[in-house]
Amino acid sequence: MAVLGVALICGACGGGEKKTVHVPSKGLPGELLLIVDASLWKTDARDSLEAVLKGNMPALPQAEPMFRMMRIFPENYSGSFSTMRNIIEVRRDPKADGVEVGVVYDVKAVPQTYVGIKTRDAASLKRFLATRGETVAALFTESEMRWESERLKKKYSKVADEASREIFGCRVRVPADIVKVKKGERFLWASSDRNTRDLNYVCYSLPLADSSAMLTGRWVELRDSVMKKYIPGAAPGSWMTTVYENGRPLAVQRKVKTGDGRTAYEMRGLWEMSKGALGGPFVSLAYEDRAHGRMLVAEGFVYSPDTNKRDLVRRMEAALRTLRPVR
2 MAVLGVALIC GACGGGEKKT VHVPSKGLPG ELLLIVDASL WKTDARDSLE
52 AVLKGNMPAL PQAEPMFRMM RIFPENYSGS FSTMRNIIEV RRDPKADGVE
102 VGVVYDVKAV PQTYVGIKTR DAASLKRFLA TRGETVAALF TESEMRWESE
152 RLKKKYSKVA DEASREIFGC RVRVPADIVK VKKGERFLWA SSDRNTRDLN
202 YVCYSLPLAD SSAMLTGRWV ELRDSVMKKY IPGAAPGSWM TTVYENGRPL
252 AVQRKVKTGD GRTAYEMRGL WEMSKGALGG PFVSLAYEDR AHGRMLVAEG
302 FVYSPDTNKR DLVRRMEAAL RTLRPVR
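Heads up, the final residue of the sequence shown is numbered 328 in this note's numbering, and it's a clean run with no missing numbers.
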């Protein structure tokens with residue numbers, strides 16, 4: 002039996018009382034440590050683990066794994082690994098009731114997410130990962146959001162924050178190198194304005210009545226109309242638009258709950274300049290703001306043709322989550 006959900010966040014395999022520590026966690030962006038019994042790694046359960054932890058991140062223009070996975074066997078686990086930011090330990094336990102899962106946070110470092118899995122055998126682990134693997138991966142994605150958000154609290158663009166407060170009455174924490182700002186009616190575009198690794202933040206508002214369209218093609222149409230008005234390309238008659246293929250937008254949408262408990266609408270996809278060669282990935286979060294009768298849409302988009310984009314998109318996604326009313 003595997004319990005995964007709210008009840009999952011109860012303790013790690015091995016248990017023990019959680020202690021408050023203040024050692025900074027280690028790890029590159031997207032890095033994850035897998036501790037796994039050799040007896041499991043040498044079975045076909047290995048493929049299932051790699052499919053979950055190294056599967057492609059959605060809505061990028063090229064294939065990039067969800068995480069940079071480091072793998073060690075338990076006998077090689079030592080203190081030097083214990084402060085990694087993301088740790089998943091998978092152990093074989095003949096006494097386990099199928100698969101048993103536990104999660105604890107900030108055990109040896111801050112921020113840190115530790116997922117412990119005990120499995121009776123390889124077959125039980127494969128069945129569990131086939132149905133709940135995405136939920137396990139989401140725990141580490143949320144860990145990355147938390148880490149990036151903490152980084153942004155320490156260093157962020159004051160220019161973009163001031164413009165957001167002026168236009169929307171909301172604070173926002175975007176990367177500090179995003180300093181070029183364009184303002185419009187209920188619209189803000191802030192950019193690092195670079196030739197590569199260019200990070201961009203956009204915010205615009207829609208009538209609250211449009212909330213019913215946020216998980217439909219109508220959101221794509223609304224997005225494109227805003228971008229056409231405010232983000233022109235270099236070529237005459239060119240503007241930013243969502244990428245379409247066979248008449249359908251290359252975008253995925255869903256309703257999500259952020260780590261701080263707020264509900265938002267999420268859209269991920271690819272953008273391009275009409276009549277131009279520029280393009281890249283974007284992610285949008287739309288929040289209902291009933292106090293002001295509006296939907297607030299925050300978007301991060303990236304232009305970086307010569308580099309991987311996963312970590313840049315994640316950093317911008319973390320920035321979108323910092324949008325909050327000024328109190």
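Ideal placement from N, C-alpha and C gives every residue a C-beta, glycine not left out.
Taking 9 Å as the cut-off, the beta carbon of Ile89 is found closer than this to the beta carbon of Tyr115. In this structure, Arg128 keeps its C-beta atom at 9 Å or more from the C-beta atom of Val104.
Annotation: the region 177–242 contains the following complete segments of the beta strand (DSSP E) (minimum length 3 residues), in chain order: 181–185, 188–192 and 199–208. Cβ-Cβ separation between Arg263 and Leu209: approximately 16 Å, too far for a contact (criterion under 8 Å). Distance between Trp240 and Tyr231, taken at the CA atoms: about 8 Å.
Annotation: the continuous beta strand (DSSP E) that includes Arg255 extends over Ala252 to Lys258.
Considered as a whole, the region 92–174 harbours 100–106 and 114–120 as its complete beta strand (DSSP E) runs of no fewer than 3 residues, in chain order.
With fewer than 16 other Cβ atoms inside 10 Å of its own Cβ, Leu29 counts as exposed. Separation of Arg152 and Met70 (C-alpha to C-alpha, rounded to the nearest whole angstrom) is 22 Å. Annotation: the continuous alpha helix (DSSP H) that includes Met317 extends over Arg311 to Leu321. Measuring C-alpha to C-alpha distances from Val314 to each of Asp194, Tyr202, Thr84 and Leu33 identifies Tyr202 as the nearest.
Restricting attention to alpha helix (DSSP H) runs no shorter than 4 residues, the region 276–300 encloses none. Looking at the backbone, the Cα of Ile36 and that of Val91 are separated by about 6 Å. In its chain, beyond the 5 residues on either side, Ser193 have a beta carbon closer than 6 Å to the beta carbon of Asp178.
Taking C-beta separations shorter than 6 Å and ignoring five residues to either side along the sequence, the partners of Met215 in its chain run Tyr266 and Ala287, following chain order. Here the C-alpha atom of Arg195 lies approximately 39 Å from the C-alpha atom of Ser49.
Judged by their CB atoms, Leu33 and Leu54 are nearer to each other than the 9 Å cut-off.
When secondary structure is reduced to three states using DSSP, Glu32 falls in the strand class. Apart from the 5 residues on each side of it in sequence, Asp38 sits with its Cβ closer than 6 Å to the Cβ of Arg92 and Arg93 in its chain, given in chain order.
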